[in-house]
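Numbering of the sequence shown is given in the working numbering, commencing with residue 6 and proceeding in unit increments. Beneath this line is the structure, given in structure tokens, with notes to follow.
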Amino acid sequence: MKTMKKPYICGNWKMYKTAQEAKEFSAAFLGEDLPNGVRVGIFAPYLQLAALTEAFLGTDVIVGAQNVFYEDEGAYTGEVAPKMLSAAGVTACIVGHSERRQLFHETDADVNRKLKALFRWNIAPILCVGETLEERNKGDAKAVVSRQLRADLEGISEEDAKGLTVAYEPIWAIGTGLTASADDANEMCAVIRNELASLYDAETADLITIQYGGSVKPSNVAELMRKPEIDGVLVGGASLDAKAFSAIVRFDEFE
Ligand code: PGA
Numbered sequence: 006m007k008t009m010k011k012p013y014i015c016g017n018w019k020m021y022k023t024a025q026e027a028k029e030f031s032a033a034f035l036g037e038d039l040p041n042g043v044r045v046g047i048f049a050p051y052l053q054l055a056a057l058t059e060a061f062l063g064t065d066v067i068v069g070a071q072n073v074f075y076e077d078e079g080a081y082t083g084e085v086a087p088k089m090l091s092a093a094g095v096t097a098c099i100v101g102h103s104e105r106r107q108l109f110h111e112t113d114a115d116v117n118r119k120l121k122a123l124f125r126w127n128i129a130p131i132l133c134v135g136e137t138l139e140e141r142n143k144g145d146a147k148a149v150v151s152r153q154l155r156a157d158l159e160g161i162s163e164e165d166a167k168g169l170t171v172a173y174e175p176i177w178a179i180g181t182g183l184t185a186s187a188d189d190a191n192e193m194c195a196v197i198r199n200e201l202a203s204l205y206d207a208e209t210a211d212l213i214t215i216q217y218g219g220s221v222k223p224s225n226v227a228e229l230m231r232k233p234e235i236d237g238v239l240v241g242g243a244s245l246d247a248k249a250f251s252a253i254v255r256f257d258e259f260e
């Protein structure tokens, strides 16, 4: 349960921001009042990672990538290896975002290989899972998310799993302005934790950070973060603005 953990608040910039815009964001963000008791991560396009690791050097802000390939090197035109991320000072990476699964046809087998590659290079993954609206309306949300977790985590050791973050991101709530109700999000995060406990054990499941993602904004973050199973949030649109994102990081003020 989250009482043991620091909240983990992450921004997923998707395909937004040039290097100049990233620099402007980091200066503005670091100029805001940021609480000590929260872990913050910014997941940016590859080209902006170097500027961000430099801008956030000496701070606690984690700089992460949004995707990775699973081989260490080779003839894979257009891909980026975990070894390259590691050498660039990138310490975290999103895997299996629904946009990658839907638009770029990533399978659970791909996600599984990517997770293993990240653990090999000591890069902390955020694994995204979540159901479509159709699956939710059919009453299949829990089964879909459990199935994704089992396939994505196949062959991943308990020791590695302890360093995992899972983001529950219902696809119908991403970029739509529709947020899952705090109770529904909490219920699904509990389903995820139970599945993790059955794949590993209760102690391991308790150590894993579970985030909610999907139209999180300053006005709804406090209610989500009050829920016992929600350890953090993964924020898309509202993470692009330094003021809005820092307000989300200071969610306690909305209590
Ligand atoms: P959103 O995106 O906050 O813009 O809905 C969330 C995500 O895709 O991680």
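Even for Gly, the Cβ is constructed at its ideal location relative to N, Cα and C.
Three-state secondary structure (DSSP) of N225: coil
V254 Cβ short of 6 Å to the ligand PGA heavy atom set: With a cutoff of 6 Å, V254 does not count as near the ligand PGA, since its C-beta is closer than that to no heavy atom of the ligand.
Any non-hydrogen atom of the ligand PGA within 6 Å of I161 CB: no
Of the listed residues T137, A172, S251, nearest to I99 (C-alpha basis): A172
Check: I179 C-beta below 6 Å from any heavy atom of the ligand PGA: yes
Reduced DSSP secondary structure (H/G/I, E/B, other) of Q71: If DSSP states are grouped into helix, strand and coil, Q71 belongs with coil.
Three-state secondary structure (DSSP) of I197: Note: I197 maps to helix in three-state DSSP.
Buried or exposed by the 16-neighbour rule on C-beta atoms within 10 Å, applied to Y71: This sequence places Gln at residue 71; Tyr is not what is there. By the 10 Å Cβ count, Q71 comes out buried.
beta-carbon N17 near the ligand PGA non-hydrogen atom, thresh 6 Å: yes
Nearest-angstrom Cα separation, counted from E258 out to V73: 35 Å
Given G94 as reference, the closest of L54, A80, I131 once Cα atoms are compared: L54
Rounded straight-line distance, which links the Cα of L132 to that of N41: If you draw a straight line from the Cα of N41 to the Cα of L132, it comes to about 25 Å.
Own chain residues within Cβ distance below 7 Å of G219, not counting five before or after: E174, P175, A178, I179, T184, A185
Three or more C-beta pairs below 8 Å linking the segment 141 to 160 and the segment 101 to 121: Short answer: they touch.
CA-to-CA distance, F109 to G182, given in whole angstroms: 23 Å
Unbroken beta strand (DSSP E) run spanning N17, endpoints: 13 to 17
CB-CB length for A190 against Y217, believed under 8 Å: Contact annotation, A190 with Y217: C-beta distance approximately 4 Å; criterion of less than 8 Å satisfied.
Three or more C-beta pairs below 8 Å linking the segment 237 to 247 and the segment 198 to 205: At 8 Å Cβ cutoff, the stretches do not touch.
Where F48 falls: helix, strand or coil (DSSP): strand
Cutoff 6 Å; reference L35; Cβ partners in own chain excluding five residues on either side: none
Neighbourhood of D188 by C-beta distance below 8 Å, restricted to the same chain and skipping five residues each side: K232
Extent of the continuous alpha helix (DSSP H) to which A97 belongs: Taken as a continuous stretch (DSSP letters only), A97 belongs to no alpha helix (DSSP H), being part of the beta strand (DSSP E) at 97 to 100.
Nearest-angstrom Cβ-Cβ length linking E234 and A195, presumed shorter than 8 Å: Contact flag correct, Cβ pair sits at about 5 Å.
Of the listed residues A86, R198, T112, V43, nearest to I128 (C-alpha basis): Out of A86, R198, T112, V43, A86 has the C-alpha closest to the C-alpha of I128.
G242 beta carbon near the ligand PGA (any heavy atom closer than 6 Å): yes
Reference S151, options A24, E111, V134, closest by Cα: V134
Any non-hydrogen atom of the ligand PGA closer than 6 Å to L62 Cβ: no
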